[in-house]
Amino acid sequence: MKAYDVVALGELLIDFTENGKSTQGNPLFEANPGGAPCNVLAMLSGLGHRTAFIGKVGKDFFGEQLKGAIQEVGIDATYLRMDEQVHTTLAMVHTYPDGDRDFSFYRDPGADMMLTWEEVPLDLVRDTKVFHFGTLSMTHEGVRQATKKAVETARHAGALISFDPNLRPPLWKSLEEAREQVLYGLGQCHILKISDNEIQWLTGEKSYSAGVAWIQERYQIPLVLVSMGKEGSRAYYQGRMVEVAAYQREDTVETTGAGDTFCGCVLHYVVEHGLEGLTDEDLRQMLDFANCAASIVTTRKGALRVMPKREEVEAGRRC
5 MKAYDVVALG ELLIDFTENG KSTQGNPLFE ANPGGAPCNV LAMLSGLGHR
55 TAFIGKVGKD FFGEQLKGAI QEVGIDATYL RMDEQVHTTL AMVHTYPDGD
105 RDFSFYRDPG ADMMLTWEEV PLDLVRDTKV FHFGTLSMTH EGVRQATKKA
155 VETARHAGAL ISFDPNLRPP LWKSLEEARE QVLYGLGQCH ILKISDNEIQ
205 WLTGEKSYSA GVAWIQERYQ IPLVLVSMGK EGSRAYYQGR MVEVAAYQRE
255 DTVETTGAGD TFCGCVLHYV VEHGLEGLTD EDLRQMLDFA NCAASIVTTR
305 KGALRVMPKR EEVEAGRRC
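Residues 5 to 323 (our numbering) make up the sequence shown, in order.
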């Protein structure tokens with residue numbers, strides 16, 4: 005028996021999200037706790053799973069806020085380190101009228117980049133069913149070594165490896181370097197969650213199925229999930245594809261965290277049911293729950309603190 009269901013390593017930061025205008029007409033920003041790996045864990049914790057986070061924030065006001073936030077939602081913060089020299093990473097999130105968004109990062113350096121491989125708690129990594137990571141913890145050499153050490157340790161301990169590229173081009177020296185690290189992730193994972201634009205960028209294929217075929221020719225990944233925004237999502241498993249439509253909402257305010265919510269729900273299903281012998285109906289149920297949860301979070305500012313509850317998701321599902 006493992007002590008944790010899912011452990012994640014990566015960035016924990018403040019998302020400054022637009023929230024109206026001042027009396028002088030200037031944009032107002034709300035400091036929301038964020039970071040893709042912790043968003044995923046927040047969804048999982050809300051569904052009753054045992055989760056823990058590995059990462060680093062600054063020993064500053066925002067770092068303390070973030071530590072309190074992940075503890076508040078049930079994520080084990082024992083392994084969150086606080087850097088006394090480098091400040092917490094900040095992201096400014098610009099929201100477009102359709103709810104889509106763009107990011108500007110204050111992170112050169114940022115505390116999340118400063119995690120070293122010596123600081124990775126290997127006993128924790130060995131004690132989880134699923135280990136989840138992305139590429140923001142692979143943009144710079146030091147934290148990249150930490151990430152790869154954790155992945156290697158988790159694999160050797162028999163954990164399922166979950167990977168979400170979560171590509172943020174401004175954080176990379178070049179897209180070629182980003183591509184190299186994404187390919188590393190593909191070579192390590194059992195569960196891949198990738199967005200529509202990421203798979204087209206990576207493979208050069210306009211068709212998502214052709215893009216998945218490109219990946220599967222090179223890497224044997226048991227479960228590949230493609231999130232397609234308003235088009236819904238797909239699961240590719242053992243040569244089969246299942247697609248489920250999105251939940252369209254009139255009250256969407258922004259899409260920050262929707263992919264992380266989706267990913268958390270997928271990992272929830274895998275933790276409960278395993279990765280072997282999944283039927284098309286199993287995949288359909290998994291995607292429907294994940295799509296519904298992701299649609300709910302788009303009606304809220306931020307993500308980490310406002311993940312939907314199981315009862316909300318079940319009440320809103322089609323099936």
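Here a beta-carbon is modelled for each residue, glycine too, at the ideal position from N, C-alpha and C.
Proximal residues to residue i (C-beta, below 6 Å), its chain only, five neighbours per side dropped
i           : result
residue 191 : 223
residue 96  : 20, 108
residue 195 : 166, 227
Continuous beta strand (DSSP E) stretch holding residue i: start and end
i          : result
residue 8  : 8-13
residue 62 : 55-62
N- and C-terminal bounds of the alpha helix (DSSP H) containing residue i
i           : result
residue 202 : 200-207
residue 264 : 262-277
residue 233 : No alpha helix (DSSP H) contains residue 233, which DSSP labels as neither H nor E.
residue 130 : 126-130
residue 144 : Run containing residue 144: none; DSSP gives neither H nor E here.
residue 291 : 284-301
residue 43  : 40-50
Cα-Cα separation, residue i to residue j
i           : j           : result
residue 125 : residue 237 : 34 Å
residue 81  : residue 60  : 10 Å
residue 42  : residue 52  : 15 Å
residue 144 : residue 117 : 7 Å
residue 258 : residue 298 : 11 Å
residue 319 : residue 154 : 38 Å
residue 50  : residue 269 : 10 Å
residue 186 : residue 27  : 44 Å
Any non-hydrogen atom of the ligand COA within 7 Å of residue i CB
i          : result
residue 95 : Absence of the ligand COA from the depicted structure is noted, as is the absence of any ligand whatsoever, leaving it without description.
Residue burial classification, residue i (beta-carbon count within 10 angstroms, cutoff 16)
i           : result
residue 5   : exposed
residue 214 : exposed
residue 327 : Nothing in the structure corresponds to residue 327, since the chain is present only between 5 and 323.
residue 253 : exposed
residue 202 : buried
Beta-carbon contacts of residue i that lie in its chain and below 8 Å, excluding the five residues immediately before and after
i           : result
residue 72  : none
residue 149 : 120, 121
residue 210 : 204
residue 308 : 36, 37, 38, 39, 42, 43, 46, 73, 74, 77, 261
Cut-off 7 Å between Cβ atoms - residues of its own chain near residue i, not counting five sequence neighbours on either side
i           : result
residue 113 : 90
residue 151 : 13, 137, 141, 142
- Query: Do the stretch 121-132 and the stretch 7-24 touch if we need at least three Cβ pairs shorter than 8 Å?
  - Reply: Touching, per the Cβ criterion.
- Message: Between the stretch 227-242 and the stretch 281-300, can you find at least three pairs of beta-carbon atoms closer than 8 Å?
- Response: When C-beta atoms of the stretch 281-300 are compared with those of the stretch 227-242, three or more pairs fall below 8 Å, so the two segments count as touching.
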